Amino acid sequence: MQNANLLPAPHIENNISAKGTVGALCQPPDERKGAGAMVTYSDLFQFVIMLCAVITLVIYIKRKK
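The letter at position 45 of the sequence shown is residue 45 when you use UniProt numbering, and the numbering goes up by one with no holes.
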């Protein structure tokens, strides 16, 4: 005796290029919902310091020539 409720659900891909979803709205993947795109002030400060160092190095090399 088999129960019809135990059958696996059909696989539905969650992307815009999935066939059969023409005109349907799909949610973006979890990576694009903002959960993993957090930037702290510490990271921003380190990036700006590094950017200033690279620009200073380039200016120094160009003036030396």
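For each residue, glycine too, the CB sits at the ideal point set by N, CA and C. On a predicted model such as this, the values are computed, not experimentally measured, just so you know.
Separation of residue j from residue i, as counted between CA atoms
i, j, result
"residue 38", "residue 49", "19 Å"
"residue 59", "residue 45", "21 Å"
"residue 61", "residue 40", "32 Å"
"residue 65", "residue 55", "16 Å"
"residue 57", "residue 42", "23 Å"
"residue 63", "residue 47", "24 Å"
Same chain, Cβ closer than 8 Å to residue i, five either side skipped, listed in chain order
i, result
"residue 72", "This structure gives no information on residue 72, because the portion of the chain shown stretches from 1 to 65."
Segment limits, alpha helix (DSSP H) that includes residue i
i, result
"residue 50", "41-64"
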